[in-house]
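In the working numbering, the protein residues as written are 121 to 245.
Glycine included, C-beta positions come from ideal geometry on N, C-alpha and C.
No experiment lies behind these values; they were computed from the predicted model shown.
Report on the structure given below.
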């Protein structure tokens, strides 16, 4: 990943692909943790689905920060899933570690979603 997203349709598609791939990895982590997808409270399914397009159109510093966050999250999940699979291959339960990694994913995703959350209107006092 690493490179900043520019403003072309292929870049928007790349952002969407990355977002969906991260969610697929998180679903695997959630399964290893023994969590059902329905347990993923706190994030609106509509906001999750719309994030790539919304952040792409927001552009500027929000898009740059989102790209860095996606890169970081991909690195965390890649390393974490490898470790969880290694633990599982040794006949150990990865459930507790998977739950912690899944919590980290959800927290990071909440931070990314906050980049496109409506901002409160501030009125001068």
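DSSP, reduced to helix, strand and coil, places residue 164 outside both helices and strands of the structure shown, so it counts as coil. In this structure, residue 172 sits near residue 136, with a CB-CB distance shorter than 7 Å.
A residue is called buried when at least 16 other Cβ atoms come within 10 angstroms of its Cβ; residue 186 meets this threshold and is buried. Going by DSSP, residue 202 is part of the alpha helix (DSSP H) stretching over 180-209.
Between residue 197 and residue 142 the beta-carbon gap is near 6 Å, inside 8 Å, which marks them as a contact.
Less than 7 Å separates the beta-carbon of residue 146 from that of residue 225. Linking residue 214 to residue 151 through their CA atoms gives a straight-line distance of about 10 Å.
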